[in-house]
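Numbering-wise, the sequence shown is residues 215 to 441 according to the working numbering.
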Amino acid sequence: MPSRKKPTMFTAAFLTCVCSFVIICVTLATQNWITSEVRLSSGNASSTVSLTYGLFHGTYQQFIEEGFQLSKDNFQVTDKLNSTKAKSTITAIIVILVLSLLSSLLSSGFTCTNAVSNPYQTFLGPVGVYTWNSLCGIFTLVAMILFPVNVEENQLSLELARGCVGASQTHIKSEHTYGYSYWIMLVVILLNIASVIIIYFYDHARYSKKKEQERPMENAPKDVILF
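Listed below in C-alpha cells is the structure:
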C-alpha cells in the first residue's frame, strides 16, 4: 500500500476512536438510560411513579389514578438505593465504562501516533490499536448487559421508586423503556469494530506488498543470487 494511504487510514481510525470516546462521555453524563413506569399501591389508593434516570441522577413524577401529579423532583441514584446488590452493580457499571473510556483514549493516542509516523512493530503499532479497541468494545458490551440485569433481577427501578415516594408501598407492576443514553453504547461497539477493520486492511495490505517485493528474489536464478 502506498505510504500516502497510511496516514489516511490511521486518521480514519483515529476519528472513530475519538467518536467512541465522546459517546462514552455522553453516556456517562446523561440520565436518559431508562424510563420506568412503576405502579404502587398503599391501602385502597394506588399511584404511578415515572422515573427517568442514568447512572448518577434522575427525575421522578408521581401520579394518582386520575392523572393528578402528586410530586416531582430530581434525585441521586445511589442515595435512593437500599439494596446493596443494586448499588454495587451501578458502581461496577460506572467503573467498567470508565475503563472503556480510558481504553478509547489510549486507542486514539495510538492511532494518532501511527498516523503521523511509521507504524511501530511493537505494541505501539497495530497490535496496540487492536487491543485497546477490543477492550473498549468488551467493556461497553459488559456495561450494556449489566444494566438491564440490574433493572430486572435487582429491581432497580422499584428500589428507586420506593426510595423517592416511600418504602412501605406495595408493588403492582413495572414497565421499562430504554433511552438513547443506553442504546448509543451500540454505536461505541460498532465504532470499535470499524477501527479494527480499518487497521486490519492496512496491516494486511502492507503484509501483501512486502510478500510481493520478496517474490522476485525467491524466483531469481541461483547464479544471479550468488552474484
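Virtual Cβ for every residue (Gly too), placed ideally from N, Cα, C.
{"Item": "The region 316-324 contacting the region 337-347, beta-carbon criterion three pairs below 8 Å", "Value": "yes"}
{"Item": "Ala243 burial status per 10 Å Cβ neighbour count (16 or more: buried)", "Value": "exposed"}
{"Item": "Residues that DSSP places opposite Lys286 in a beta bridge", "Value": "Gln275"}
{"Item": "N-terminal and C-terminal residue of the beta strand (DSSP E) that Glu251 is part of", "Value": "248-256"}
{"Item": "Residues of its chain near Pro216, where Cβ-Cβ distance is below 7 Å and the 5 sequence neighbours each way are ignored", "Value": "Its pLDDT being 43, under 50, Pro216 is placed unreliably in this model, and the coordinates cannot settle the point."}
{"Item": "Buried or exposed (CB count within 10 angstroms, at least 16 for buried), Gln290", "Value": "exposed"}
{"Item": "C-alpha distance - Thr164 paired with Ser331, whole-angstrom precision", "Value": "Residue 164 is absent from the model: the chain starts at 215 and stops at 441."}
{"Item": "CB contact flag (Leu313, Phe353, <8 Å)", "Value": "yes"}
{"Item": "For Ser255 and Val240, the rounded distance between their alpha carbons", "Value": "36 Å"}
{"Item": "For Ile398, the nearest candidate out of Lys220, Phe228, Cys233 (CA to CA)", "Value": "Cys233"}
{"Item": "Exposure of Ser382, with buried meaning 16 or more beta-carbon neighbours within 10 Å", "Value": "exposed"}
{"Item": "Proximity winner among Ala259, Ala227, Ser264, relative to Leu372 (alpha-carbon distances)", "Value": "Ser264"}
{"Item": "Segment limits, alpha helix (DSSP H) that includes Ser348", "Value": "340-366"}
{"Item": "Bounding residues of the beta strand (DSSP E) (the contiguous stretch that carries Val263)", "Value": "259-267"}
{"Item": "Nearest residue (CA-CA) to Val363, options Lys299, Ala227, Thr230, Ile238", "Value": "Lys299"}
{"Item": "Simplified DSSP state of Thr305, which is helix, strand or coil", "Value": "helix"}
{"Item": "Boundaries of the beta strand (DSSP E) in which Ser388 is found, first to last residue", "Value": "384-392"}
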